[in-house]
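Engineer: This is the structure I want to talk about, given as structure tokens.
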Amino acid sequence: MEQFILEIQSIAASGIQTFDMREGFSLLSQVGGTGKCTLYYI
Amino acid sequence: MKNNHKLSFSFSEEAHTRGDGPTWNSSVRFVTLLYHWGIVQDYPHLIELIARHQNWYKQSRFKDDARLLEQLVRQWPPVDKKPRIWACFHIGPYGLIPRTLLLRDRGVAILLKDEVFEEQQDMYLLYFQKTFGRQPADSELRFIRSGDPDCLTQLKRSVADGLDVICFVDGKEGGTASRGWTMVNLHDMPIPVRYGIAVLSRWTGATVRPIVFSLVQGMPKIHSRWDFLPVTTNQYRSLMQYCYDLLHDLTAEEWLQWEFAPSFFDSVMASSKKKENVMAKGQAWWVPIMTPKEHLLIDVKSGQTVVVSEAEHQYLCSKIKRIVVKI
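Protein sequences appear in the order of chains A and B.
Here the first sequence stands for residues 1 to 42, numbered as in the numbering used here.
Here the second sequence stands for residues 1001 to 1327, numbered as in the numbering used here.
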């Protein structure tokens, strides 16, 4: 897991910033599903 | 290079061909919520929670209850025979709560919202027939529509008849009227909740007992608290806080099983904005999110995003998806 963390940080460091602080949260509000999983027992 | 642009879009059928975008993003949103709620231990834990929620969300919805139900009946907290109001949450295998009570020889009145009434009633009746070989008497199993004008009267009558009442306190039914709502603190975040169960307790004189089922490594776990004695009018908020305090005992893994937790995203993010300087400290915690046009990573702490290449994005998503977790 530590290796993966280093990989993702390295990739992010070379990325191009798009949204400023907190604007990404508005994005998350728009693009996510409900994440709801109702279980039915038979 | 910074690119200031506002995004406003929704997933189309075409976007879905890029994979399970909304499903993936729901996991990212959920763990972002949990981070700002202060219950994520560290960055590796965050990544693992994404994998865990993906597994939870993609599991088969229809389950066989035999093994789980037997364990739940054994673990159910010992209580006296007085009728009480069970304050429940839509967490984990909550659908088994009524069955567990029936198997413990309790008569049960279930409050159901109108849109699921017919479907749920049929399922419970089918289960009763399968288990006991007959249809239930009115003293054993009763269904009450939350939209009925005399719903409270029916519930009161059920308590007087000796039945336990099952209410889900995290529901949002009843529209957006200001009446009937109060605020509770959940991990130092104020969230709005309905206090109908408190009204019912005051009206019937029945005690309220909060209870939560969850699954930990495939095994059932019950969280419960002592009875809350019948309330007075000025104790409504206290009772709801008492019920929600039960959730502070849950791990992040159990919170992932709470159907309504994601609905608090906007409230929690608005509250966390006040703690911005504290929350955004330290190294960024990047996770990939899926959008129709760009391959983005988001820092769950600050909300900043960066564009990366498609190959890098797919690599990160696939690595997370391959993390093995047992739900």
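For each residue, glycine too, the CB sits at the ideal point set by N, CA and C.
1. What is the C-beta distance between residue 1170(B) and residue 1089(B), in whole angstroms, given that I count them as a contact (C-beta under 8 Å)?
2. Does DSSP classify residue 40(A) as helix, strand or coil?
3. Count the other CB atoms within 10 Å of the CB of residue 1108(B); is the residue buried (16 or more) or exposed (fewer)?
4. Taking only the alpha-carbon atoms, compute the straight-line gap between residue 1195(B) and residue 1244(B) and give it to the nearest angstrom.
5. Put residue 1052(B) into one of helix, strand or coil per three-state DSSP.
6. Let me confirm a value: residue 1265(B) is counted as buried when at least 16 other C-beta atoms fall within 10 Å, else exposed. Which label applies?
7. Would you list, in sequence order, the uninterrupted beta strand (DSSP E) runs of no fewer than 3 residues that lie entirely inside the region 1182-1236 of chain B?
8. Does the beta carbon of residue 28(A) sit closer than 7 Å to a beta carbon anywhere in chain D?
9. Checking the sheet assignment: what are the DSSP bridge partners for residue 1086(B)?
10. Taking the straight line between their C-alpha atoms, what separation do you get for residue 1074(B) and residue 1269(B)?
11. Is it a yes or a no for the region 1070-1085 of chain B touching the region 1217-1230 of chain B, going by three-plus beta-carbon pairs under 8 Å?
12. Classify residue 1083(B): buried if its beta carbon has 16 or more other beta carbons within 10 angstroms, exposed otherwise.
13. Based on Cα-Cα distance, which residue from 1309(B), 1122(B) and 1198(B) lies nearest to residue 1229(B)?
14. Would you be able to state if there are at least three C-beta pairs under 8 Å between the region 1309-1316 of chain B and the region 1285-1298 of chain B?
15. Please determine, among 1023(B), 1182(B), 1032(B) and 1020(B), the residue with the shortest C-alpha to C-alpha distance to residue 1298(B).
16. Going by DSSP in three states, residue 1250(B) sits in which element: helix, strand or coil?
17. Answer yes or no: does any C-beta atom of chain B fall closer than 7 Å to that of residue 39(A)?
18. Between the region 1245-1256 of chain B and the region 1293-1310 of chain B, are three or more C-beta pairs nearer than 8 Å?
19. For the beta strand (DSSP E) that residue 1141(B) lies in, which residues bound it at each end?
20. From the beta carbon of residue 17(A), is the nearest beta carbon of chain B less than 7 Å away?
21. For residue 1086(B), does the count of other Cβ atoms within 10 angstroms reach 16, so buried, or fall short, so exposed?
22. Does DSSP put residue 1289(B) in a helix, a strand or coil?
Structural biologist: Let me lay it out:
1. Walking along the second sequence from the start, residue 1170(B) turns up at place 170. Walking along the second sequence from the start, residue 1089(B) turns up at place 89. Yes, they are in contact, since the Cβ atoms of residue 1170(B) and residue 1089(B) sit about 5 Å apart, within 8 Å.
2. Taking the first sequence and counting its residues from 1, one reaches residue 40(A) at position 40. Strand at residue 40(A).
3. On the second sequence, position 108 is the one that residue 1108(B) refers to. Result: buried.
4. By one-based count along the second sequence, residue 1195(B) stands at place 195. By one-based count along the second sequence, residue 1244(B) stands at place 244. Taking the straight line joining both Cα atoms gives about 12 Å.
5. As a working mapping, residue 1052(B) is identified with position 52 in the second sequence. In this structure, residue 1052(B) counts as helix in the three-state DSSP scheme.
6. Here residue 1265(B) refers to the residue found at position 265 of the second sequence. That one is buried.
7. 1189-1194, 1208-1216 and 1219-1224
8. The structure shown has no chain D; the protein chains it does contain are A and B.
9. As a first step, residue 1086(B) must be located in the second sequence, where it is residue number 86. In DSSP, residue 1086(B) forms a bridge with 1166(B) and 1209(B).
10. For the purposes of this step, residue 1074(B) is taken as residue 74 along the second sequence, with counting starting at 1. For the purposes of this step, residue 1269(B) is taken as residue 269 along the second sequence, with counting starting at 1. Approximately 40 Å between the Cα atoms of the pair.
11. yes
12. Reading the second sequence from its first residue, position 83 is the one you call residue 1083(B). Residue 1083(B) should be labelled buried.
13. If you number the second sequence from 1, residue 1229(B) lands on position 229. Ranking the options by Cα distance to residue 1229(B), first place goes to 1198(B).
14. yes
15. Reading the second sequence from its first residue, position 298 is the one you call residue 1298(B). Residue 1032(B) is the option with its Cα nearest to residue 1298(B).
16. In the second sequence, counting from the first residue as 1, residue 1250(B) sits at position 250. Three-state result, residue 1250(B): coil.
17. Locating residue 39(A) in the first sequence gives position 39, where the first residue counts as 1. Interface residue, yes.
18. no
19. Residue 1141(B) sits at position 141 when you count from the first residue of the second sequence. From DSSP, the beta strand (DSSP E) with residue 1141(B) extends over 1141-1145.
20. Numbered from its first residue, the first sequence carries residue 17(A) at position 17. At least one chain B Cβ lies under 7 Å of residue 17(A).
21. What you label residue 1086(B) is simply residue 86 of the second sequence in a count that begins at 1. Burial call: buried.
22. Within the second sequence, residue 1289(B) is the residue found at index 289, counting from 1. Reduced to three states, the DSSP call for residue 1289(B) is strand.
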